[in-house]
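Going down the list, the sequences are from chains L and B.
Per our numbering, residue 1 is the first one in the first sequence, and the count goes up by one each step.
Per our numbering, residue 451 is the first one in the second sequence, and the count goes up by one each step.
Backbone N, C-alpha and C define an ideal beta-carbon position, used for all residues, glycine too.
Please read these numbers as outputs of a predicted model, since none were measured by experiment.
Take a look at the structure set out below.
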Amino acid sequence: MPIDFTLTPEQKALQKLAREFAQDIVQPLVRAADAEPDPQKGFQMMKPAYEQAYELGLVTAGFPREFGGGGLGMTDLLIAHEEICAVDCGIAFIIGVQGLGLFPVMAYGTAEQKKRFLGEACNDPTHTYQCGYAISEPAGMPGGTANFDHPSPQAGIQTTADLVNGEYVINGRKFWPTSSAGWDMKGATMNSVVVRTDRTKGGLEGLSVLMVPRGTPGVRYEPNIDKMGMRINQNCDIVYENARVPAENLVGPGNGELVVNNGFTFTGPWIGIAATAVARAAYEYVLKWSKTYTAGGTDPIIYHQNVGYMLGDIAMRVEACRYLSWKAAHYLDTYGFDGAQGLSAMTKVFTSETCVQVVYDCMRVMGCNAYDRAAHPLDKLMRDMLGFPIFDGGNMGMQRRRLWGLMADERFDPRAYANCDRVHFGKENEGIGTVTTRPEAVRELATAGR
Amino acid sequence: MTEAGSELAIAVCIKFTVDVNRLRPDPATAAPDLGHAHYRINDFDENALEEAVRLKERHGGRIVGVSLVEREPPRELLLRALAAGLDALYLVPHAAAASGDAFVTATILAAALEEIGAVYEMVSWDLVLCGDASCDTYDGQVGPRVAEALGIVPITYATRLDVRDDTIVAERTIEDYVHVVEATLPALVTVGSETNKPRLPHLRQIMDAGRKPIVRLTTAGLGRGALDRARATLELLGVTAPPSARRRMVVGGNGPDDVARKLVRQLQSDGELTQ
Ligand SMILES: Cc1cc2nc3c(=O)[nH]c(=O)nc-3n(C[C@H](O)[C@H](O)[C@H](O)COP(=O)(O)OP(=O)(O)OC[C@H]3O[C@@H](n4cnc5c(N)ncnc54)[C@H](O)[C@@H]3O)c2cc1C
């Protein structure tokens, strides 16, 4: 039995649908939305495309059929996602973030919660439903996100939720969540928010997720973050001041950090194929350019050996990234998020960093004209691409720590992926590298031990 | 024949054709490189299918696709046609599909339509929809010839249509005029890109399309007379691309005006521009 990379006829038909959606419906909106100086306006300009995506079942493609979703597995999702990302990764994330926002419910929700939250997501007659996913926190002391699973209650996630008379009362601030403020800055239909539900416990025990619906009093949306790339995405600044949600909206009590890590397992191949798609768009553009542009010479530049070799190197990295993403997706479909952690982290880190270099190499092949943002798409592709290594769990902290935590485990088998075995990831693999080696702290520990 | 006001029995003739936009000539022979061709659903047939779906949404009924094929088309195209709204798809394999002879194609299609209606679907068609033409050969003959073979009314180049009781009302846009025609069903109507904009199918329709029936008929099952009648009237001698060698000419001169003048003169002497 061969290892089969053949697309099924269904997958090919799905690929064509996604390609047509991207070219016919998304493409005409992208340039103006990307150029719009007001980030909220740029986001709103994509709303018609989002509504169409909802109508076609693309928004709810990954949710189970029993709730009204498309029931697609991760591998199928990747086939469609690549085509949309190749035209614009921003709209693809607006479409896809529901999968992440509702991941806590899919993976940790009770039967009742699944029915309620997934049912609502899949059956919105207005076709505008959105669910954001809020973990990240702004800079401050403490602040940031990379150490969300720090063992100290005073570090990591500082947005708190206290149980008072059957309601959770949320206080704190979230920074960066995609699509969380909604089309009108009054909130997405729903947001899943990672909060500290036990102020006395560290990141491995004290965190949970709360589903916060639109219209919850005490939630305030500040103006969106003005970003260098992915300008089509809305990235929010949310303030919670005694915001109250019913206790039954609690998901994964005490496992908030596992939800985060497993959520990243879910997104690893999905971001991997998106990075591949952005690199592919640059590659296809520059390949065509190289066959027509002569740079003042007599022949198209592809006949210079350096250009030919470089294009070969570009193409092989795009292919490698695609197959690694497919493999991670297949692992996820086969073993679930718990078994696919390591491969997913490898995929996220490898593809995002490789594809930044690929887009840059495309600019090198093309030369000076690549820098002309009015005439060519390399400017947008590069700006979008630069986000990949730092969002969805920064590679330098969260993503590499996941892999490190797994590899440092006694039980880790380096041949597991060659053998196609399930690789378990649990709480024992978390928290690694969150406690620093600041010299004074080390000295204090040594003195205390004496 | 369905009763007036009841559900419509609609057949759509669909051609799975080479994608001419992606067709390359074989460098040695200048003939189309069919070995590396990509296939698609003929674009006007997508309009025909969309129109059938709209009629079904308004009046109810059942839509089947009928396609004369030289060989089995890529399955993803069959799924797409089913996802777009067919209730069933009938494939009729016959070497004549590649002949480009509209008379033969129409004769076999008409025989297949009769057979499918009588034996498989147990209806007589209220409406047969065709594309105005196919994007590869662009003869525009198959629709009217099928109507002739079936002995039903043809309405060509319809830009709007609706059914009222047992009457079909069609608009045909002819330059500055709109020509409105009415006919009693059954009828055959051809449509094109001005008739509608085919919608994209829902993702679930695509994933579930494989559950709908695809029936493969053999032409042996069709009436003997039909095949006898379908004798070729045309002989296809060859298909070749016009030569388009790259000239790679550099036009020099003193400043843009001079270069432009020389370029125009060159193009005129090459016969690319008239005076
Ligand atoms: C376009 C976009 C969309 C986003 N969407 C969302 C969203 O939907 N929801 C959401 O919650 N967030 C979202 N974010 C935020 C983002 O995903 C995370 O905040 C970000 O990945 C956090 O990673 P960081 O490494 O920058 O974290 P920081 O905490 O800011 O860390 C900064 C740096 O410090 C170093 N560092 C810190 N700790 C360690 C350590 N223990 N070990 C090693 N190095 C360390 C690393 O160099 C790291 O890069 C989005 C961001 C962008 C740009």
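Could you confirm whether any beta carbon from chain L is found closer than 8 Å to the beta carbon of residue i?
i: MET451/B; result: Per-residue confidence for MET451/B stands at a pLDDT of 41, beneath the threshold of 50, marking its modelled position as unreliable; the derived number appears in the next sentence. No, MET451/B does not count as interfacial toward chain L.
i: ILE656/B; result: yes
i: LEU653/B; result: yes
i: ARG697/B; result: no
i: ARG512/B; result: no
i: ALA533/B; result: yes
i: GLU526/B; result: yes
i: GLY702/B; result: no
i: GLY660/B; result: yes
i: ARG666/B; result: no
i: LEU650/B; result: yes
i: LEU529/B; result: yes
Please report how far the alpha carbon of residue i lies from the alpha carbon of residue j, in whole angstroms.
i: VAL164/L; j: PRO217/L; result: 16 Å
i: ILE656/B; j: GLY143/L; result: 46 Å
i: HIS150/L; j: VAL435/L; result: 7 Å
i: VAL209/L; j: ALA33/L; result: 33 Å
i: PHE117/L; j: ARG422/L; result: 30 Å
i: PHE466/B; j: ALA680/B; result: 21 Å
i: GLY705/B; j: LEU713/B; result: 12 Å
i: TYR108/L; j: LEU102/L; result: 10 Å
i: ASP708/B; j: PRO300/L; result: 25 Å
i: ILE602/B; j: ALA560/B; result: 11 Å
i: CYS131/L; j: ILE170/L; result: 18 Å
i: LEU439/B; j: GLU598/B; result: No answer is possible for residue 439/B: it lies beyond the span of chain B, which begins at 451 and ends at 725.
i: ALA480/B; j: GLY702/B; result: 33 Å
i: PRO477/B; j: ALA670/B; result: 39 Å
i: ASP162/L; j: VAL195/L; result: 10 Å
i: THR126/L; j: TRP289/L; result: 43 Å
i: MET185/L; j: GLY90/L; result: 18 Å
i: GLU453/B; j: ILE618/B; result: Any answer about GLU453/B is weak, because its pLDDT of 48 lies below 50 and its placement is not dependable; what the coordinates show is given next. Using only the alpha carbons, I get a separation of about 14 Å.
i: MET451/B; j: TYR285/L; result: Its pLDDT being 41, under 50, MET451/B is placed unreliably by the model, and nothing is read from it.
i: LEU653/B; j: ALA538/B; result: 18 Å
i: LEU204/L; j: ALA370/L; result: 47 Å
When you compare each of the options to residue i by their alpha carbons, which one comes out closest?
i: VAL30/L; options: ALA18/L, ASN261/L and LYS47/L; result: LYS47/L
i: SER329/L; options: GLU319/L, PHE43/L and LEU343/L; result: Rather than Ser, the amino acid found at residue 329/L in this sequence is Ala. Nearest option by C-alpha distance: LEU343/L.
i: ILE238/L; options: ALA188/L, TYR371/L and ILE271/L; result: ALA188/L
i: GLY229/L; options: GLY387/L, ALA18/L, GLN23/L and ASP392/L; result: GLY387/L
i: VAL259/L; options: MET346/L, GLY393/L, ILE170/L and LEU14/L; result: GLY393/L
i: PHE453/L; options: PHE391/L, THR292/L, GLU428/L and ARG400/L; result: In the structure displayed, chain L extends from 1 to 450; residue 453/L sits before or after that span and is not available.
i: PRO543/B; options: ALA498/B, SER694/B, ALA682/B and ARG521/B; result: ARG521/B
i: TYR54/L; options: GLY70/L, GLU66/L and GLY42/L; result: GLY70/L
i: ASP483/B; options: ARG474/B, ARG490/B and ILE491/B; result: ARG474/B
i: VAL359/L; options: LEU17/L, ASP384/L and THR347/L; result: ASP384/L
i: GLY215/L; options: SER180/L, GLY99/L, THR159/L and GLY119/L; result: SER180/L
i: GLY410/L; options: ALA111/L, GLU428/L and ALA418/L; result: The identity of residue 410/L in the sequence shown is Glu, whereas the question assumes Gly. Looking at the Cα atoms, GLU428/L is the closest of the given residues.
i: VAL592/B; options: ASP537/B, GLU685/B and VAL641/B; result: VAL641/B
i: LEU667/B; options: ILE558/B, ALA533/B, HIS488/B and LEU532/B; result: ILE558/B
Would residue i pass as an interface residue toward chain B - the criterion being a Cβ-Cβ separation below 8 Å?
i: ASN13/L; result: Just to set this straight, residue 13/L is Ala in the shown sequence, not Asn. With 8 Å as the cut-off, ALA13/L counts as an interface residue toward chain B.
i: PRO9/L; result: yes
i: PHE21/L; result: yes
i: LYS114/L; result: no
i: ALA61/L; result: yes
i: LYS174/L; result: no
i: LEU56/L; result: yes
i: LYS186/L; result: no
i: GLY70/L; result: yes
i: LYS16/L; result: yes
Let me check you understand the geometry: is the CB of residue i closer than 7 Å to at least one non-hydrogen atom of ligand 3?
i: THR434/L; result: Absence of ligand 3 from the depicted structure is noted, with ligand 1 being the only ligands included.
Is the number of C-beta pairs between the segment 543–555 of chain B and the segment 36–56 of chain L that are closer than 8 Å three or more? no
Any 3 or more C-beta pairs closer than 8 Å across the segment 622–632 of chain B and the segment 561–568 of chain B: no
Quick test of the definition: if touching needs 3 or more C-beta pairs under 8 Å, does the segment 69–76 of chain L touch the segment 658–669 of chain B? no
Do the segment 265–275 of chain L and the segment 243–257 of chain L meet, that is, are 3 or more Cβ pairs less than 8 Å apart? no
Would you call the segment 576–596 of chain B and the segment 489–496 of chain B touching, i.e. three or more CB-CB distances under 8 Å? These segments touch.
Counting Cβ pairs, one atom from each stretch, are 3 or more of them under 8 Å apart for the segment 519–534 of chain B and the segment 629–641 of chain B? no
Do the segment 455–463 of chain B and the segment 503–517 of chain B meet, that is, are 3 or more Cβ pairs less than 8 Å apart? Cβ pair count under 8 Å is three or more, so yes.
If contact is defined by three or more beta carbon pairs under 8 Å, each pair taking one atom from either stretch, is the segment 346–356 of chain L in contact with the segment 317–327 of chain L? yes
Ignoring anything shorter than 3 residues, give me the beta strand (DSSP E) runs that lie fully in the segment 204–276 of chain L, in order along the chain. 207–213, 219–222 and 235–246
Uninterrupted alpha helix (DSSP H) stretches inside the segment 512–597 of chain B (no shorter than 4 residues): Listed in chain order, the complete alpha helix (DSSP H) runs (minimum 4 residues) inside the segment 512–597 of chain B are 525–533 and 552–565.
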